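Residue numbers (the numbering used here): 19 to 503. All residues carry an ideal CB built from backbone N, CA and C; glycine is no exception. Predicted, not measured: the structure shown is a model, and the values here were computed from it. Read through the structure below, which is laid out as structure tokens, and then see the notes.
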């Protein structure tokens, strides 16, 4: 499958992307891709460094005539989000991504593609391996664990880089130049429940919500897409209002930065209540299908027989639903300063109840620290009212916009010259590493740009070929215009 990808223009970039996608690279398990990158740098006889946390840094001298320019950092992250459809047989730990070319897009066969941020990595590799691209001295920074904690950026050695300009290649709109982003915090709740056995008067049912679009929990949160965890909670809440419904298990979502596409619950209820509860279930199901008919055309909600097993008590099952109903999900506040920008949001990302042990995982994002604290505190309060243990972790800062950036002026001018219209200058609701990198290296002049990558963090992820060509042209043009030192 990768052979068709390798035929696309620019050949060097797509060949490096195909090579990269042949290497498993899950977040927090980047050993293989780090070794791959080190070998790549050494094969070019570049200076290659691995810092203590595992980031890979390569240095390439300026090309002839560019020696008097300021040196730049080209930065992208090595890890990728691992999501697949339930009916896709694929092992992210051992297999390379199976890519498909369809017209102007490249996607994967039932999994995430890894264009986020593999296209950025591949473009840097193409520059480093080139002999005919004009550029100043380069420090290529390949960070680890961006998707599940930004550990690489957070722990980057403070003395390893020397440049004062950083080009982050992790934006997903090709007409956009980003100068700011949201910060985030992980909110986690846990609780262990006592289980009880039920009499033969009870029947068990499996409820499934699937077929949702999913997507990036930052960039796509404004779209109002369905959250499988919220949907299945609404269904069970409706059922509980008509009779005792006990939880056996609940599994919904997977990663904090992905909007949940599927959720499955097994519940038990009295046989005598079944007909009444089924009627209520069907009404709630139809309401959800109607609400999301314009957004989630593949939404499927089913209920079927399941085996009886031990369950949570009626009171604990109801309390758990109350908590899940109370946890805010979606856009919490729009920015009053930047039109159309989501300021603060929460993603109810993961629910796992198994053998009485519950874990709930959320990701709260905001470009304003106090607003992030406000929303995460309200979520923690709901969890504590349900007597759950709570934890805040993985804090990372937002990136404060700098409208006076010299690199922004250069990028805007080159974009307008190349494409005959001005780019959009934005702060995004994703967690770019620029905020952390700016803390590690105060004074960095930073911008972020990239190609059109759609439905990132879901198995429907794809990248537009012509957009990558556009992004590549802009990157080369910007590097030629780096000011003198």
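Cβ-Cβ distance between residue i and residue j below 8 Å
i           : j           : result
residue 194 : residue 331 : no
residue 140 : residue 479 : no
residue 94  : residue 142 : yes
residue 200 : residue 236 : yes
residue 188 : residue 138 : yes
residue 368 : residue 274 : yes
residue 475 : residue 101 : yes
residue 501 : residue 421 : no
residue 343 : residue 251 : yes
residue 208 : residue 407 : yes
residue 401 : residue 355 : no
residue 222 : residue 266 : yes
residue 287 : residue 262 : yes
residue 519 : residue 228 : This structure cannot settle anything about residue 519, because the visible part of the chain is limited to 19 through 503.
residue 226 : residue 477 : no
residue 185 : residue 38  : no
residue 144 : residue 28  : yes
residue 503 : residue 50  : no
residue 264 : residue 329 : yes
residue 168 : residue 136 : no
residue 451 : residue 161 : yes
residue 301 : residue 270 : no
residue 499 : residue 428 : yes
residue 156 : residue 241 : no
Anticipated Cβ contact below 8 Å, residue i with residue j, distance rounded
i           : j           : result
residue 249 : residue 295 : Contact flag wrong, Cβ pair sits at about 17 Å.
residue 224 : residue 284 : 5 Å
residue 17  : residue 115 : Outside the shown range of the chain (19 to 503) lies residue 17, about which nothing can therefore be said.
residue 454 : residue 419 : Rounded, the Cβ-Cβ distance is 16 Å, inconsistent with contact.
residue 468 : residue 293 : Incorrect: roughly 54 Å between the Cβ atoms, too far for contact.
residue 446 : residue 196 : 5 Å
residue 36  : residue 154 : Not a contact, Cβ separation roughly 28 Å.
residue 220 : residue 326 : 6 Å
residue 47  : residue 74  : Not really, about 15 Å apart at Cβ, beyond 8 Å.
residue 122 : residue 491 : Wrong, their Cβ atoms sit about 16 Å apart, outside the cutoff.
residue 360 : residue 183 : Their Cβ separation, rounded to whole angstroms, is 28 Å, which puts residue 360 and residue 183 out of contact at 8 Å.
residue 147 : residue 20  : That pair is no contact at about 18 Å.
Between the CA atoms of residue j and residue i - distance to the nearest angstrom
i           : j           : result
residue 395 : residue 363 : 13 Å
residue 472 : residue 448 : 14 Å
residue 346 : residue 105 : 30 Å
residue 245 : residue 82  : 53 Å
residue 382 : residue 165 : 14 Å
residue 438 : residue 303 : 49 Å
residue 76  : residue 338 : 50 Å
residue 34  : residue 152 : 19 Å
residue 192 : residue 124 : 16 Å
residue 291 : residue 299 : 12 Å
residue 305 : residue 231 : 18 Å
residue 163 : residue 170 : 6 Å
residue 198 : residue 384 : 11 Å
residue 397 : residue 84  : 52 Å
residue 387 : residue 71  : 26 Å
residue 389 : residue 410 : 15 Å
residue 487 : residue 276 : 27 Å
residue 259 : residue 349 : 28 Å
residue 463 : residue 316 : 44 Å
residue 203 : residue 365 : 11 Å
residue 234 : residue 173 : 24 Å
residue 217 : residue 403 : 31 Å
residue 459 : residue 426 : 18 Å
residue 436 : residue 24  : 26 Å
residue 376 : residue 44  : 25 Å
residue 444 : residue 417 : 12 Å
residue 489 : residue 442 : 14 Å
residue 119 : residue 52  : 27 Å
residue 412 : residue 336 : 30 Å
Interface flag, residue i vs chain D, CB-CB below 8 Å
i           : result
residue 188 : Judged by its chain identifiers, the structure shown contains no chain D, having just a single protein chain.
> Going along the chain, which unbroken runs of the beta strand (DSSP E) with 3 or more residues stay wholly within the segment 455-482?
Replying inline: DSSP runs (the beta strand (DSSP E)) wholly in the segment 455-482: 463-466, 480-482.
>> List, from N- to C-terminal side, the beta strand (DSSP E) runs of 3 residues or more that fit wholly inside the segment 306-383.
In response: Listed in chain order, they are 318-324, 348-352, 360-372.
> Is the segment 484-503 touching the segment 428-436 in the sense that three or more CB pairs, one from each, lie closer than 8 Å?
Replying inline: Contact between the segment 428-436 and the segment 484-503 is present, because at least three Cβ pairs lie under 8 Å.
> At which residue ranges does the segment 188-263 contain complete beta strand (DSSP E) runs of 3 or more residues, listed in the order of the chain?
Replying inline: As summarised for the segment 188-263, the continuous beta strand (DSSP E) elements at least 3 residues long and confined to that stretch are 194-199, 201-210, 220-228, given in chain order.
>> I want to know whether the segment 168-186 touches the segment 56-63 - three or more CB-CB distances under 8 Å.
In response: Three or more beta-carbon pairs separated by less than 8 Å are not found between the segment 168-186 and the segment 56-63, which leaves the two stretches without contact.
>> So within the segment 76-108, which uninterrupted beta strand (DSSP E) runs reach at least 3 residues, ignoring any that extend past its ends?
In response: The segment 76-108 contains these whole beta strand (DSSP E) runs: 90-95.
>> Restricting to runs no shorter than 4 residues, where is the alpha helix (DSSP H) found entirely within the segment 112-187?
In response: Those alpha helix (DSSP H) runs which fall completely within the segment 112-187 and span 4+ residues are 133-146, 169-172.
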